[in-house]
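Residue numbers (the working numbering): 6 to 279.
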Ligand SMILES: [Fe+2]
Ligand SMILES: [Fe+2]
């Protein structure tokens, strides 16, 4: 099966790039399943229901999120009726919405998607290792699902890599999100799980993690807020990870970081071009 995961969509620029390009990417690379992290899609802060719907219409099967999931307060309500929007699974039990779902792919396969948030330099939610472990036990790869994708939303590279090894061989892919900066370590772990510490964002990289640089620079220098953070304008890069699973095992056979457009060096199209 062929998958594409796109990193945090930031603001209008990132949204436009994804909406304009995803239908073509989906057809050209014969993708079976697409996951998009949408936590910054609304002006950099959260995701409205109409933006969520537009990502589905463009070809996303599931939209994941992270620490910004409630920035648009309406998400607390509409997430209950939108099963394809996931919030971190390790929020307290009473939290609206869900952090895991089993979804039918276009080819009929069942794909388990999970969203979990790290604890280092983040709001201290419940233990993500424990929460994901529980789901993997109740829905093991090739028993309960043909493929399992985890969006691990975290700041610390160590925590993300430890998490990768924790589920290696039990999930098809662990994809890091949140830092908005792609790492150069896309690879298959020894047990067959695709891994990338951070997949990067879909947004304008001429910025500070997607925000117009002026106010972040001001705050680092003066320590006094002068204005609001505004999502940066400019050319967008679409950042993602494409990977292919073996139907027999649900593990990954090949993968390729994807970077298109904008100011980052584009990736060489490898397997996903054929
Ligand atoms: Fe983000
Ligand atoms: Fe985040």
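In this text, a Cβ means the ideal position worked out from N, Cα and C, and glycines have one as well.
| Check | Outcome |
| --- | --- |
| Residues of its chain near residue 175, where Cβ-Cβ distance is below 8 Å and the 5 sequence neighbours each way are ignored | 141, 145, 146, 153, 196 and 198 |
| Residue 71: CB within 6 Å of a non-hydrogen atom of ligand 2 | yes |
| Inter-residue spacing [alpha-carbon to alpha-carbon] between residue 236 and residue 212 | 8 Å |
| Short Cβ contact (7 Å threshold) for residue 201 with residue 180 | yes |
| Buried or exposed (CB count within 10 angstroms, at least 16 for buried), residue 77 | buried |
| Integer Cβ distance of residue 91 from residue 105, believed to fall under 8 Å | 7 Å |
| Every unbroken alpha helix (DSSP H) inside the region 117-144 [4 residues or more] | 133-143 |
| Given 8 Å, three or more beta-carbon pairs between the region 105-119 and the region 37-46 | yes |
| First and last residue of the uninterrupted beta strand (DSSP E) at residue 11 | 7-11 |
| Cβ-heavy atom distance, residue 13 to ligand 1, below 6 Å | yes |
| Residue 120 beta carbon near ligand 1 (any heavy atom closer than 6 Å) | no |
| Any non-hydrogen atom of ligand 1 within 6 Å of residue 45 CB | yes |
| Assigned secondary structure, residue 54 (DSSP; H/G/I helix, E/B strand, else coil) | helix |
| Whole-number beta carbon distance between residue 128 and residue 45, since they are thought to touch under 8 Å | Not quite, the Cβ-Cβ distance comes to about 16 Å (not below 8 Å), so this is no contact. |
| Beta-carbon gap between residue 74 and residue 207 smaller than 7 Å | no |
| Residues near residue 194 by beta carbon distance below 7 Å, same chain, minus five either side | 169, 170, 173 and 200 |
| The alpha helix (DSSP H) enclosing residue 219, as first and last residue numbers | 219-227 |
| Extent of the continuous alpha helix (DSSP H) run through residue 31 | 16-33 |
| Beta-bridge partners of residue 182, as assigned by DSSP | 158 |
| Per DSSP, the bridge partner or partners of residue 244 | 264 |
| Contacts around residue 59, its chain only, beta-carbon distance under 8 Å, and the 5 residues preceding and following it disregarded | 20 and 24 |
| Status (buried if at least 16 other CB within 10 Å, exposed otherwise) for residue 217 | buried |
| Continuous beta strand (DSSP E) stretch holding residue 199: start and end | 199-201 |
| Residue 204 in three-state terms, based on DSSP | coil |
| Integer Cβ distance of residue 112 from residue 93, believed to fall under 8 Å | Residue 112 to residue 93, Cβ: 28 Å. No contact. |
| Distance between residue 99 and residue 63 (C-alpha atoms, nearest Å) | 31 Å |
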